[in-house]
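Scroll down for the structure; my scribbles are underneath it.
Numbering (my numbering), first residue to last: 23 to 287.
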């Protein structure tokens, strides 16, 4: 399939652009960057020097990708045999130095998906078939194994490691060097190796405009789940009156219902 380079794009002559690549309006591409077959770069993207972009990858608008990042590479998963898979990235993401993002596998989604308005700091890694929502932060060297789901507004501190098939709930927070091998419910702060639940992400909720009543209800929900010795099913039943009064708690309950690996305790 023939590619297209918009006339307004600013491409350094030392960059290498595959003929099948699609480069949108006002895109900037720095020296010694390689844009491979099947890559689509949306309007306003800024790709710095020494970046490798491989496809099939669809990268939305106004993303900034810093030097030495590799975006859209094949997965090293031994089950992968070169089947056509893809990477999909939304808008307004910042991908800092040395980040690695792999495409999917046919054994799962067939694609890796990253939403919009995320910050992936230096040397973060996103494994195959992972799905990241919006407004997430992965601090330096945070890493997702394959098949990980990260909810909106989650923050993974530096050197956090997430086991394959885990789910990281929306508005959750992991401490520095956290090793996560089970699901983290929405709103919960975890730390340690292995990870343990500590409290709710109060500061993050305040910054995002949650009311004091909503935060109080989420704290009560946390105590029901973690302080009363209940099973997950028992905790879900106990949460129902609280959900009826404070709908914000439903997100926490939903993350419990959807858990496949069990929750961090």
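Backbone N, C-alpha and C define an ideal beta-carbon position, used for all residues, glycine too.
Drop a sphere of 10 angstroms on the beta-carbon of residue i, count the other beta-carbons inside from all chains shown, and report buried for 16 or more, exposed for fewer.
i, result
"residue 270", "buried"
"residue 284", "exposed"
"residue 75", "buried"
"residue 15", "An answer regarding residue 15 cannot be provided, because it is not within the stretch 23 to 287 covered by the chain."
"residue 251", "exposed"
"residue 189", "buried"
"residue 138", "buried"
"residue 255", "exposed"
"residue 91", "buried"
"residue 173", "buried"
"residue 55", "buried"
"residue 32", "exposed"
Less than 8 Å between the C-beta atoms of residue i and residue j, yes or no?
i, j, result
"residue 234", "residue 200", "no"
"residue 213", "residue 196", "yes"
"residue 136", "residue 154", "yes"
"residue 156", "residue 126", "no"
"residue 128", "residue 142", "no"
"residue 161", "residue 123", "no"
"residue 68", "residue 50", "yes"
"residue 193", "residue 223", "yes"
"residue 182", "residue 159", "no"
"residue 187", "residue 89", "no"
"residue 47", "residue 30", "yes"
"residue 175", "residue 230", "yes"
"residue 66", "residue 84", "yes"
"residue 64", "residue 41", "no"
Could you pull out every residue in the same chain whose Cβ sits closer than 6 Å to the Cβ of residue i, ignoring the five residues on either side in sequence?
i, result
"residue 218", "none"
"residue 87", "69, 73, 117"
"residue 105", "128"
"residue 286", "204, 206, 212, 217, 219"
"residue 93", "75, 123"
"residue 221", "211"
Cutting at 7 Å between CB atoms, please list the residues of its own chain near residue i, excluding the five before and the five after it.
i, result
"residue 258", "275, 278, 279"
"residue 53", "34, 36, 37, 71"
"residue 107", "125, 126, 127, 128, 132, 133"
"residue 130", "151, 169"
Looking only at its chain, what residues have a beta carbon closer than 8 Å to the beta carbon of residue i, apart from the 5 residues adjacent to it on each side?
i, result
"residue 236", "227, 268, 270"
"residue 191", "173, 176, 205, 206, 207, 208, 209, 210, 273, 274, 277"
Hey, is the region 100-118 in contact with the region 74-88, meaning 3+ C-beta pairs nearer than 8 Å? yes
Would you mind listing the alpha helix (DSSP H) stretches within the region 190-229 that are 4+ residues and don't spill past its ends, in chain order? 224-229
Could you tell me which uninterrupted alpha helix (DSSP H) segments, each at least 4 residues in length, are contained entirely in the region 226-272, listed from first to last along the chain? 234-248, 254-267
Going residue by residue through the region 59-85, where are the continuous beta strand (DSSP E) segments of at least 3 residues, counting only ones entirely within it? 61-63, 79-81
For a minimum of 3 consecutive residues, which ranges assigned as the beta strand (DSSP E) are wholly contained in the region 108-171? 108-111, 122-124, 133-136
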